[in-house]
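Per UniProt numbering, the very first residue in the first sequence carries number 1; after that it's consecutive. Built from N, CA and C at the ideal position, the CB exists for glycine as well.
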Amino acid sequence: MALRRSLLLWYQHQGRELPWRNIDDPYAIWVSEIMLQQTQVKTVIPYYQRWLAQFPNIQTLATSDLQTVLKAWEGLGYYTRARNLYKTAQIILKDYRGIFPRELEKVVKLPGIGRTTAGGILSSAFNQPISILDGNVKRVLARLVALSDPPAKAIQFLWDVSDSLLDPDNPRDFNQGLMDLGATICTRSQPKCLLCPWLSHCQAYQQGKQNQLPMREDSSPLPHKKIGVAVIYNNAGEILIDRRPDKGLLGGLWEFPGGKIEENETVEECIKREILEEIAIDIEVGEHLITLDYAYTHFKVTLIVHLCRHVAGEPQAIECQEIRWTTLDEIDSFPFPKANSKIIEALRNNQP
DNA sequence: CACCCGTGGGT
DNA sequence: TACCCAAGGGT
């Protein structure tokens, strides 16, 4: 088929050189695939290289502890990925003698690995003829067939297209080439159609719709929460941090305690109330340290941070897993979300 | 199946 | 600024 041949030829000359290309270690390829979920290549590369140096094989990962794994993932986001990578390493060690399985039915059952990631791993590591449908492929195919619906409404159809196009003789290079095409030529905005090997096959281009496709879903505005945050010092000059529950947002990461500012409540009142409710201690809320705006996928937050002083009571882990007093020197050993890293940075700059 | 889950970069 | 969205999966 001309589509296959032209893509493979293009990939041979114009494909990207990436650290997880031209290797055959399914573990390393698996790690790359997980890190690349919803995350750009440029962001992933340094994490990938550090990760393989720290956890060179499945056994090393499986026998580490979760906090060490989360620390290595710190800043990458979607922390369930790290938890599932760790969990799956233990499953592979126990059920598959530490050898990454080659059967699709087994691979898709592993935590954190869905159909696209499984196809990515098996086609890349073992050259198995299994198709993929990631963000790049959805965009490329939506333009190729001039899809009139948003891709989310046509997932089954797009899988069928991806299946029918896949080159059974060169599945590895075909899948990788398809993703490279989406990443470098068939980009979201200003696609470089004149450089595209599929120019003459692309229905969107023929209809002059390449800048309008793929169609978008209409989205509702994100809710905005204001959070009061406490950096609490004790008489020894230590700082109180807590570890979040394993499930949910930023699961298992450490943070400075705080909570949502209610209506008709000042920031100071909120912080004092939240700390009493969550940690059962009485504090004195002092000067403002920093205010941070942060956008997550489904809401926005403003963190208003105050320096506080412990007055009375023994801290209790009521709405978290664990509480510790620590110091600015030791705090780097705990995994924190990015928003909290900026608070730590502000504390350092605030030091006398 | 609609919603949840981080962070950084582009427009 | 505000919004979109990246090598998606879990629930």
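query                                                                                                                                                          : result
Compute the beta-carbon to beta-carbon distance between Leu9 and Pro197, rounded to the nearest angstrom, for a pair I have assumed lies under 8 Å.            : 7 Å
According to DSSP, simplified to helix, strand and coil, what is Asp282?                                                                                       : strand
Going by DSSP in three states, Asp242 sits in which element: helix, strand or coil?                                                                            : strand
By DSSP, does Leu224 sit in helix, in strand, or in coil?                                                                                                      : Rather than Leu, the amino acid found at residue 224 in this sequence is His. Strand at His224.
How would you write the range of the beta strand (DSSP E) that Thr302 sits in, first residue to last?                                                          : Lys300 to Ala312
Below 8 Å on the Cβ atoms is my contact criterion, and I expect Ala236 with His306 to pass it. Report the Cβ-Cβ distance as a whole number of Å.               : With a Cβ gap of about 20 Å, Ala236 and His306 do not count as contacting.
Which same chain residues end up closer than 7 Å to Glu217 when comparing Cβ atoms and leaving out the 5 residues on each side of it in sequence?              : Pro150 and Ala152
Given a cut-off of 8 Å, decide if Arg143 and Ala183 are closer than it, judged by their beta-carbon atoms.                                                     : no
Contact between the region 262–271 and the region 179–193 is defined here as three or more beta-carbon pairs at a separation below 8 Å; is this criterion met? : no
Could you pull the start and end residues of the alpha helix (DSSP H) that Arg115 belongs to?                                                                  : Arg115 to Phe126
Could you tell me if Ile155 is buried or exposed, where buried requires 16 or more neighbouring beta carbons within 10 angstroms of its beta carbon?           : exposed
When DSSP builds the beta bridges, which residues end up paired with Lys260?                                                                                   : Ile227
At a cut of 8 Å, does the region 80–97 reach the region 130–141 through at least three beta carbon pairs?                                                      : no
Quick check for students: name the residue ranges of the beta strand (DSSP E) that lie wholly in the region 18–69, counting only runs of 3 or more.            : none
Ignore the nearest five residues each way along the sequence and tell me which others in Tyr47's own chain have a CB closer than 7 Å to its CB.                : Met35 and Leu76
Looking only at DSSP bridge pairs, what is Glu322 linked to?                                                                                                   : Arg243
Taking 8 Å as the cut-off, decide whether the C-beta atoms of Lys226 and Ile261 are in contact.                                                                : yes
Counting only the same chain and skipping the five closest in sequence on each side, list residues whose C-beta sits under 8 Å from that of Ile304.            : Lys226, Ile227, Gly228, Val229, Ile261, Val267, His288 and Thr291
In angstroms with no decimal places, state the Cα-to-Cα distance between Trp254 and Asp242.                                                                    : 5 Å
Whose C-beta lies closer than 8 Å to the C-beta of Leu158 among residues of the same chain, with five residues either side of it excluded?                     : Leu133, Val137, Lys138, Leu141, Ala142, Leu147 and Pro151
From Gln49 to Asp173, what does the alpha carbon distance come to, in whole angstroms?                                                                         : 23 Å
Just verifying my parser: in three-state terms, what is the DSSP assignment at Glu74?                                                                          : coil
Taking the alpha carbon of Gln316 as the reference point, which residue from Ala346, Thr326 and Ile281 has its own alpha carbon closest?                       : Ile281
Around the C-beta of Glu74, are 16 or more other C-beta atoms found within 10 angstroms, so that it is buried, or is it exposed?                               : buried
Confirm, please, whether the CB-CB distance from Leu110 to Ile91 is below 8 Å.                                                                                 : yes
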